[in-house]
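K.L.:
Per my numbering, the sequence shown starts with residue 772, numbered consecutively. We treat Cβ as the ideally placed atom computed from N, Cα and C, and that holds for glycine.
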Amino acid sequence: MIRKRFSKYPLLGGSILMVAGMASCDNVEPADRYIELPSVQIARKVLVQEFTGIKCSNCPTGAMTLSEIQKANEGSVIAVSMHPSGTTFSGPMGNFNLNSDEADVYYAAYNPMGFPAILVDGGSPETNISAWGGLVDAALGNPAPAEISLSNTYDSSKRELTVDYEVVFNSGYSGNLNMNLWLVENGIIGPQLSGSAWIPQYTHNHALRASLTGDWGISIGSGFHLDDVRSGSVTYTLPEEYVAENCLVVAFIQNDSHRVEQCEEAHVIQHQEE
772 MIRKRFSKYP
782 LLGGSILMVA
792 GMASCDNVEP
802 ADRYIELPSV
812 QIARKVLVQE
822 FTGIKCSNCP
832 TGAMTLSEIQ
842 KANEGSVIAV
852 SMHPSGTTFS
862 GPMGNFNLNS
872 DEADVYYAAY
882 NPMGFPAILV
892 DGGSPETNIS
902 AWGGLVDAAL
912 GNPAPAEISL
922 SNTYDSSKRE
932 LTVDYEVVFN
942 SGYSGNLNMN
952 LWLVENGIIG
962 PQLSGSAWIP
972 QYTHNHALRA
982 SLTGDWGISI
992 GSGFHLDDVR
1002 SGSVTYTLPE
1012 EYVAENCLVV
1022 AFIQNDSHRV
1032 EQCEEAHVIQ
1042 HQEE
């Protein structure tokens, strides 16, 4: 977070003796009493939304590429796989279905010209897998206007998840921002087309399951200043078919142009992060 930090030091040498020998103290300018320390920059995290499908023959290559990008930028790239319905690449296959209403909304909004495709921080869809790494690298170079913190509480008896979020701004930001909270799930085993062959026991990761804040999030306001804080809490009940131990909450702030300005993620059951 970029905050002005000051460290108070007593004046040195003759200044101390002079002050000690005076019956009264003159006003001392702040610049003479404080030393300004360097600002601390917030780490930028990048959201990669991947359009994919279980009938997409090249999507396993896309998933592997995205995994390699995440490994090369550990902790800085958050991935969400969106499985929209109604395409030639979509499921379901028998009873196995990863489609979600939120994926449908984003597919209709961005209309990628093929699968797999990614959006980097809400930008234009990119279907050229070889270009993905460069797009992510460029996005990582952008400044982050805020930091997001998440705290998840899960009641297993009710399957009830409570997400507490906080956004702290490290600079001014004039536009409107919405908070988006998504539930994603890892380790889902099911069929996947790869090339011309079907993999019956493929592991699907970071699949978008649901939005906890509607299609485009909830407003946290506009016209932010340094050190402004916005916080809130959302409660959601996990359906029985979701494995809570494999689920995460992905949080991101997004402006009116759908540009993502910062993101964060946290396990539903947070002791898994230890």
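1. Taking C-alpha atoms, which residue in L869, V1000 and E839 lies nearest to I959?
2. Tell me whether W903 sits in a helix, a strand or coil according to DSSP, three-state version.
3. Less than 7 Å between C-beta atoms, sequence neighbours within five positions excluded: which residues of the same chain meet that for S922?
4. Answer with buried or exposed for D892, where buried requires no fewer than 16 other C-beta atoms within 10 angstroms of its C-beta.
5. If I follow the unbroken beta strand (DSSP E) through I970, where does it start and stop?
6. Straight-line CA distance for W969 to T832?
7. In terms of DSSP beta bridges, what is C827 paired with?
8. For T1006, does the count of other Cβ atoms within 10 angstroms reach 16, so buried, or fall short, so exposed?
9. Would you report the Cα separation of S886 and K816, rounded to the nearest angstrom?
10. Could you give the residue range of the beta strand (DSSP E) that holds V848?
11. Evaluate contact between the stretch 940-950 and the stretch 908-920, counting only Cβ atoms and requiring at least three cross-stretch pairs below 8 Å.
12. So what's Q820 in DSSP terms, helix, strand or just coil?
13. So, at 7 Å on beta carbons, what are the nonlocal neighbours of I1040 in its own chain, with the 5 sequence-adjacent residues on each side left out?
14. On the three-state DSSP scale, how would you describe T1008?
P.N.:
Inspection of the coordinates gives the following:
1. Here residue 959 refers to the residue found at position 188 when the sequence shown is read from its first residue. It is L869 whose Cα lies nearest to the Cα of I959.
2. Along the sequence shown, one-based indexing puts residue 903 at 132. In the three-state reduction of the DSSP assignment, W903 falls in the helix class.
3. As a position in the sequence shown, residue 922 is number 151, starting the count at 1. Counting only Cβ-Cβ distances below 7 Å, and skipping sequence neighbours, we find D935.
4. Stepping through the sequence shown from its first residue, residue 892 is reached at position 121. So D892 counts as buried.
5. Within the sequence shown, the letter at position 199 stands for residue 970. Its beta strand (DSSP E) spans residues A968 to H975.
6. As a first step, residue 969 is located in the sequence shown; it is residue number 198 there, counting from the start. As a first step, residue 832 is located in the sequence shown; it is residue number 61 there, counting from the start. Distance between the alpha carbons of W969 and T832 is about 14 Å.
7. Position 56 of the sequence shown, counted from the first residue, corresponds to residue 827. In DSSP, C827 forms no bridge with anything.
8. Taking the sequence shown and counting its residues from 1, the one referred to as residue 1006 is at position 235. It counts as exposed.
9. Here residue 886 corresponds to residue number 115 of the sequence shown, with the count starting at 1. Here residue 816 corresponds to residue number 45 of the sequence shown, with the count starting at 1. The residue you asked about is not Ser; residue 886 is Phe in the sequence shown. Approximately 24 Å, taken between the alpha carbons.
10. Within the sequence shown, residue 848 is the residue found at index 77, counting from 1. Where V848 is concerned, the enclosing beta strand (DSSP E) stretches over V848 to M853.
11. Verdict: yes, contact present.
12. Working through the sequence shown from its first residue, we reach residue 820 at position 49. Q820 falls in the strand class under three-state DSSP.
13. As a first step, residue 1040 must be located in the sequence shown, where it is residue number 269. Contacts found: Y925, A1015 and E1016.
14. Here residue 1008 refers to the residue found at position 237 of the sequence shown. Shown here, T1008 sits in a strand according to DSSP, grouped into three states.
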